[in-house]
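Going by our numbering, the sequence shown opens with residue 846, and the numbers climb by one from there. Here a beta-carbon is modelled for each residue, glycine too, at the ideal position from N, C-alpha and C. The structure displayed is predicted, hence computed values, not measured ones. Below is one structure; the comments refer to it alone.
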Amino acid sequence: MTQNARRIVVVGGSAAGPKTAAKARRMDQHAEITIIQKAPDLSMASCGYPYYVGGVFDDRNQLLCTPAGVVRDPGFFLNAKGITAMTETEVVAIDREHKQVQCRKLADGSTFDVPYDKLVLATGAEPIMPPVPGADLEGITTLQSMRDADFLRKTRDDKKIRKAVVVGGGLIGVETCEALELAGIGITVVEMLPQILMFLDWELAKLVENHMRSKGSMVITENPVAAFLGEHGVLTGVKLKNGTELPCELAVVATGVRPNTKLAQAAGLTVGKRGGLLVDTCMRTNDPDIYAVGDCIEIPNLITGQRVHAPYGDLANLQGRVAGQNVATDSNIEFPGTIQTGICKVFDYSAGATGLNERVARDAGFDVETVISAAPDKPGFMGAKLLVMKMVAERGTGRLLGVQCVGPGDCSKRIAAAAMALHGKLTIADLGVADLPYAPPFSPAIDNLIMAAHVLENKMTGRMRGISCREVKARVDAGENLFLIDTRGADEFEQMRLGIGEVLIPLGALRRRMNELPTDKSREIITYCKISLRGYEVANYLEAHGYTNVKVMEGGLMAWPFPREK
Ligand SMILES: Cc1cc2nc3c(=O)[nH]c(=O)nc-3n(C[C@H](O)[C@H](O)[C@H](O)COP(=O)(O)OP(=O)(O)OC[C@H]3O[C@@H](n4cnc5c(N)ncnc54)[C@H](O)[C@@H]3O)c2cc1C
């Protein structure tokens, strides 16, 4: 090593740690860079675990490879990058005064010190286990580490398990559900909250739940786990708070993660309200020579300004890149924060969101207007698939606050475009005239995202009155006698219908059937169709003919999350 080479030590060798080290190396070819990693592997693609477990690919090394197919082991780091990587080695203490970390070899317990000029903590997060009896039974696992992935993959391959319970309906829970269900294991997902996937609002989450049920999985919400049941130390079932017992041989706990900050806290580094290490936008902790990145920190939400724990792989890598440059060059490049963008695959659906959903936006004090819009993701002749989108904007300013999207169509690019609109602080009027790529294989001429912006703009300017499926259902359940018009064709009505007292007046028959409408033109009329495009046409016509209280049921039948007559 070059004399006076800068000593950069990185604690944690999965996502954020190696990214930091690799960037630091690119910025300084002479630095002495060391990664200290507790786990046996390095640079694990944790986000790929569900797909390895589910049999999408068989070679475990693919979780550890570079795009060129080289496994990122200590030999790779040394030869290709000149970085010393120690695995199965835990940093047990940070001596800030002498600027060194104390390490312990897991194999023999021996300890040694490694000095640093700059230290980067990338210690990740740890799974939260529900504090209920039986949590130590054999047959209960998380899906957080490579070891967990190996265990679940073996379980899948052994084909001995018939029933499993996934505890927690977050992103990892639903991905695990799909992986195991496709392996022929009967899955029940148990969620204590009223819905799965909390990055979505309730009505979109229900559409995803319905899809999971259609694929054979059971989804139980608003019912926390009360106990894990077992015999002779082995799991036999899961008991829920309402007394339901779900027999199973496997339980995967996916009830969230908390930042792993024990080491940092013991060294006197500051932790925030969300339990993550507090860093500035340069990723520096309250010690100017110690940085922190990835799942162990909390960062500002750029829309609310409040700090959040956002445990996402893309953010871990972006932060690592920033920290790597700063520790190598004493520069002050910044990672400003997150708008909290996420996506997951759930069988044939994708579910994604960026920015604030309605619930979070209201909690943050925004005065919001929302819309649900359903539409095909490309022309029908190109094999269109449905997307249901919810857009949230600030009343008054029209500033876009968030977008959610679920369905079998291509959510990903809509969420990506919406994320950039949020980064650019666009209004829905800006979004409504945005120039996105169009050709029939990829999207409709007016993209779903822009269409949602148009509908929301129509609502905000009073050109359209909307009503959510949820409100319609609640009012029907309360015994209200609503005047609902299904505006589709008779054949469509025959195949699928709500059956909540609606009348069928197809758009094409409206002009000659006006006599069937209420004579009191101030009476509320609710119109809809499959996606509520024809419903909107009918509403326009009725308003032009003196009806003053016509509402469109947003998203139509495709956004209806409740049971239907057909
Ligand atoms: C199943 C699964 C699916 C996911 N899917 C997605 C997805 O689709 N999209 C997405 O954006 N994110 C996803 N994530 C989240 C993403 O993987 C994490 O945000 C990312 O791995 C965080 O990286 P990190 O380096 O901060 O922490 P981690 O990946 O947790 O790595 C921390 C490392 O630090 C080591 N360590 C801890 N303490 C010490 C110590 N004292 N000494 C030495 N080493 C230590 C640990 O051994 C660990 O390997 C998923 C996560 C999981 C588990």
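Asp962 sits away from Arg1058, with the two beta carbons spaced by 8 Å or more.
Judged by beta-carbon spacing, Leu988 lies within the 8 Å limit of Ile1017, meaning their Cβ atoms are closer than that value. Within the region 1331 to 1357, the complete alpha helix (DSSP H) segments of 4 residues or longer fall at 1335 to 1340, listed in chain order. Per the Cβ contact rule, the region 1254 to 1267 is not in contact with the region 1317 to 1328 (fewer than 3 Cβ pairs under 8 Å). The nearest non-hydrogen atom of ligand 1 is less than 7 Å from the C-beta of Ser891. Distance from the CA of Met1265 to the CA of Phe1192, rounded to the nearest whole angstrom, comes to 27 Å.
In the DSSP assignment, Asp1159 falls within the unbroken alpha helix (DSSP H) covering Gly1158 to Thr1174. According to the DSSP assignment, Ser1195 belongs to the beta strand (DSSP E) that extends over Tyr1194 to Gly1200. By the neighbour-count criterion, in which a residue is buried when 16 or more other Cβ atoms sit within 10 angstroms of its Cβ, Gly1029 is exposed. With a minimum length of 4 residues, the unbroken runs of alpha helix (DSSP H) contained wholly in the region 1256 to 1334 fall at 1256 to 1268, 1273 to 1277, 1293 to 1305 and 1314 to 1322. Assignment of beta-bridge partners to Gln1249 by DSSP yields Ala1198 and Lys1235. With contacts defined by Cβ atoms closer than 8 Å, Thr879 and Val936 do not form a contacting pair. Distances between the C-beta of Ala913 and the heavy atoms of ligand 1 are all 7 Å or more.
Burial check for Asp1331: the Cβ neighbour count within 10 Å reaches 16 or more, so the residue is buried.
Within a 10 Å sphere around the beta-carbon of Thr1306 sit fewer than 16 other beta-carbons, which makes this residue exposed. Within its own chain, the residues whose Cβ lies closer than 7 Å to the Cβ of Glu1302, once the five positions on either side in sequence are excluded, are Ile1273, Ala1274 and Gly1277, listed in chain order.
DSSP places Cys1022 in no beta strand (DSSP E) but in the uninterrupted alpha helix (DSSP H) bounded by Leu1016 to Leu1027. By the C-beta density criterion, Phe1226 is exposed, having fewer than 16 other C-beta atoms within 10 angstroms.
Asn1146 is bridged by DSSP to Thr1183. Taking 7 Å as the cut-off, the C-beta of Tyr1136 does not count as close to any heavy atom of ligand 1. Taking a 10 Å sphere around the C-beta of Gln874, we find fewer than 16 other C-beta atoms and assign the residue as exposed.
Asp958 has Gln947 as its beta-bridge partners, per DSSP.
Met1359 counts as exposed, since fewer than 16 other C-beta atoms from the protein chains shown sit within 10 angstroms of its C-beta.
Judged by pairs of C-beta atoms under 8 Å, the region 1278 to 1293 does not touch the region 1068 to 1082, as fewer than three such pairs exist. Your pair Val1216 and Gly1311 checks out as a contact, with CB atoms roughly 6 Å apart and the cut at 8 Å. Val1010 is the residue among Val1010, Val1205, Ala1109 and Glu1076 whose C-alpha sits nearest the C-alpha of Ile1065. Lys1375 sits in coil when the DSSP states are folded into three classes, being neither helix nor strand. About 13 Å separates the beta carbon of Lys868 from that of Gly1139, a gap too long to meet the 8 Å contact definition. When beta bridges are read from the DSSP output, Asp940 appears opposite Gln945. For Gly984, same chain residues with a beta-carbon under 7 Å away, outside a window of 5 residues either side, are Val1079, Leu1080, Glu1094, Leu1095 and Ala1096 in chain order. The alpha-carbon separation between Glu1020 and Ile1041 amounts to approximately 12 Å.
Nearest to Thr1174 by C-alpha distance, out of Ala866, Ser859 and Gly858, is Ala866.
Leu951 is classed as exposed because its beta carbon has fewer than 16 other beta carbons within 10 Å across all chains shown.
Less than 8 Å divides the Cβ of Gly858 from the Cβ of Ser888.
Under a 10 Å Cβ-count criterion, Pro1351 is classified as buried, with 16 or more other Cβ atoms of the shown protein chains found around its own Cβ. Look at Ala1099 here: in three-state DSSP terms it is coil, with no helix or strand label.
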